[in-house]
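*Asks:* Residues 491 to 925 in this note's numbering are what the sequence shown spells out, letter by letter.
Cβ atoms here follow ideal geometry from the backbone N, Cα and C, with glycine treated the same way.
Questions regarding the structure given below will be posed in turn.
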Amino acid sequence: MLPRRPTRQVTLGDARVGFVKIGGGKPTRDGTPTTPAPVSVQTMTAGYTHDIDACVREIHKLAAGGAHVVRVAVPEKKDTDALKHIIPQVQVPIVADVHFHFQRALEAVEAGVHKIRLNPGNINDRDQVIEVIKACKARNLPIRVGVNEGSIIERRDKQKRMKELGAVFSGQKHGYMLAIMIAKLEEYLDIFYEQDFYDIVISAKSMDASLVVDAYTEISNRFDHPLHLGVTHAGPKETGCIRSIAALSGLLVNGIGDTIRISYANDPIYEVEDGLELLYSLGLRERKGVDLIACPTCGRIQVDLFTLVQDVRKQLAEKVTVPMKVAVMGCIVNGPGEAEGADVAVFAGDRRGIIYVQGERVANVPEPEILDRLLKECLDFQGRVMRGEAKLGEKKVDIIPPDPIGELGSGWEKIAGGLVEKTGSKPAELTVGKT
Ligand code: SF4
């Protein structure tokens with residue numbers, strides 16, 4: 491597990507929906523030690539909150555997809571009214587996203603929400619902020635203070651501090667914007683500290699990935715509150731994915747970031763899927779479900795691998811819950827190597843699939859049968875793991891990769907003919923399977 495930057499810890503949720511901890515590693519105000527919580531994945535519903543049934547359905551879908559926290563927009567009173575009916579029906583902590591009107595925050599607290607998000611760029615009346623802080627404090631609710639590049643405003647009384655910070659950041663590409671963000675956070679957080687309120691999460695988002703990296707790096711040096719990472723307005727999934735991962739992965743690897751939201755102009759279930767995959771890939775959360783490995787394909791491809799991989803991915807996502815490693819490979823070049831390291835693997839040859847379970851060959855089937863047989867082997871293996879008869883990640887047999895050049899040519903015909911089981915006493919012989 492990559493080490494995490496020690497922060498204060500906040501907790502949201504309740505006994506019914508469960509509790510999610512964010513950050514940790516520093517003692518609480520009363521001196522109780524905390525340990526860093528696993529980085530969590532958040533997303534936001536795309537539909538109207540006041541459409542109660544649709545909102546509940548969307549929250550169920552996102553929670554079933556693995557979201558640890560779900561945020562909803564509450565622009566109008568009818569939305570906070572709806573929260574009273576939504577919250578009792580869902581099984582995941584809910585955050586109310588409040589902009590412009592502090593009254594919505596107070597109503598959301600009354601409705602039983604688990605956390606409030608405030609934007610200092612559009613709720614900045616000191617007395618109103620204090621009212622929200624007091625309401626959250628009375629119910630032990632954390633608040634995220636989220637500055638966004640798009641809505642941050644420069645205040646006259648922060649000119650002096652900005653000038654100082656501007657000098658500090660003058661050598662940086664984003665110096666001016668960093669100065670505004672830090673000054674705004676300092677000013678805003680002072681209100682919270684005056685109220686003895688420390689259950690705070692900070693975010694500082696931009697659509698510019700390099701500014702996101704600079705901003706969170708600087709904020710992590712200046713504040714010890716947990717950080718909610720995100721690239722705002724990242725765009726469509728196809729490009730927003732790259733923009734988000736470019737910013738978030740570097741921060742996470744350096745121990746910065748305690749909860750994340752990937753944001754796409756698309757169904758938010760993709761934000762959850764990709765956020766989880768990012769954390770799994772970095773080893774920041776224990777994987778749930780299949781770790782699917784597949785080759786990119788090339789001129790050596792032996793079956794329709796793109797279709798096969800998508801079919802395998804969809805079916806295994808529905809049916810497999812143990813974190814087994816499954817490899818789907820297009821030919822013998824890297825197939826045996828991946829098959830050796832995977833729990834279940836297939837590599838292709840001459841429009842056939844050779845299937846292995848923990849290094850042992852179990853089938854050699856024609857292309858139309860690969861999907862069904864691979865799924866069967868995955869489900870059988872999952873059953874054995876669940877019954878304690880097999881262990882994930884065990885390798886039972888060394889596979890000697892065949893020499894696809896040499897006197898054997900490509901070796902495809904040998905695989906198709908089932909001749910690959912012969913043990914390799916002769917170095918030149920195509921040898922795949924038991925040794
Ligand atoms: S496994 Fe074979 S088909 Fe796939 S990329 Fe590697 S060489 Fe190409």
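Please determine whether the Cβ atom of I844 lies at a distance below 7 Å from any heavy atom of the ligand SF4.
*Replies:* For the ligand SF4, not one heavy atom lies less than 7 Å from the Cβ of I844.
*Asks:* Among V559, K568, D704, which residue has its Cα nearest to the Cα of Q662?
*Replies:* The shortest Cα separation from Q662 among V559, K568, D704 belongs to D704.
*Asks:* Might you give, ordered along the chain, the residues of its own chain that have their beta carbon closer than 8 Å to the beta carbon of A853, omitting 5 neighbours on each side?
*Replies:* Correct list, in chain order: G843, I844, I845, R863, E867.
*Asks:* Which residues in the same chain as G665 place their Cβ atom closer than 7 Å to its Cβ, once the five residues preceding and following it in sequence are excluded?
*Replies:* These residues qualify, in order along the chain: G656, F659.
*Asks:* For F590, report the span of its alpha helix (DSSP H) as first-last.
*Replies:* First-last for F590: undefined, no H or E at that position.
*Asks:* Between the C-alpha atoms of E763 and L631, what's the straight-line distance to the nearest angstrom?
*Replies:* When rounded, the distance between both Cα atoms is 27 Å.
*Asks:* How is the beta strand (DSSP E) around T501 delimited, first residue to last?
*Replies:* Where T501 is concerned, the enclosing beta strand (DSSP E) stretches over 499 to 504.
*Asks:* My assumption, with CB atoms under 8 Å, is that I549 sits in contact with V580. Please give the rounded CB distance.
*Replies:* Right, their Cβ atoms sit about 5 Å apart.
*Asks:* Could you tell me the alpha carbon to alpha carbon distance between R498 and D686, rounded to whole angstroms?
*Replies:* Approximately 14 Å, taken between the alpha carbons.
*Asks:* Quick one: residues with CB closer than 6 Å to any heavy atom of the ligand SF4, in chain order, please.
*Replies:* The answer, residue by residue, is C785, P786, T787, C788, R790, I791, M819, G820, C821, V823, N824, G825.
*Asks:* Distance check for Q532 and V721, CA to CA, integer angstroms please.
*Replies:* Each residue's Cα considered, the two are about 13 Å apart.
*Asks:* Check V780 in the structure and name its three-state DSSP category.
*Replies:* The answer is coil: DSSP assigns V780 none of H, G, I, E or B.
*Asks:* Who are the Cβ neighbours of V799 in its own chain at under 7 Å, not counting the five residues just before and after it?
*Replies:* Around V799: A784, V818.
*Asks:* Taking the C-alpha atoms as reference points, what is the distance between G503 and Y706?
*Replies:* Distance between the alpha carbons of G503 and Y706: 25 Å.
*Asks:* To the nearest angstrom, how far is it from the Cα of G730 to the Cα of L861?
*Replies:* Each residue's Cα considered, the two are about 31 Å apart.
*Asks:* Any idea if E897 is buried or exposed, counting beta-carbon neighbours within 10 angstroms, 16 or more meaning buried?
*Replies:* Per-residue confidence for E897 stands at a pLDDT of 38, beneath the threshold of 50, marking its modelled position as unreliable; the derived number appears in the next sentence. Exposed: under 16 other Cβ atoms inside 10 Å.
*Asks:* Among I750, C545, L766, D615, which has the Cα closest to the Cα of H575?
*Replies:* Measuring from the Cα of H575, the nearest candidate turns out to be C545.
*Asks:* When we look at the beta-carbon of G839 and count the other beta-carbons within 10 Å, is it buried (16 or more) or exposed?
*Replies:* So G839 counts as buried.
*Asks:* At what residues does the alpha helix (DSSP H) containing V875 begin and finish?
*Replies:* Where V875 is concerned, the enclosing alpha helix (DSSP H) stretches over 857 to 876.
*Asks:* Where in the region 512 to 597 do unbroken runs of the alpha helix (DSSP H), each at least 4 residues long, occur, reported from the N-terminal end onward?
*Replies:* 542 to 554, 567 to 576, all fully within the region 512 to 597.
*Asks:* Any contact of the region 748 to 756 with the region 709 to 729, i.e. 3+ C-beta pairs under 8 Å?
*Replies:* Touching, per the Cβ criterion.
*Asks:* Buried or exposed: where does I732 fall if 16 or more other Cβ atoms within 10 Å of its Cβ makes it buried?
*Replies:* With fewer than 16 other Cβ atoms within 10 Å, it is exposed.
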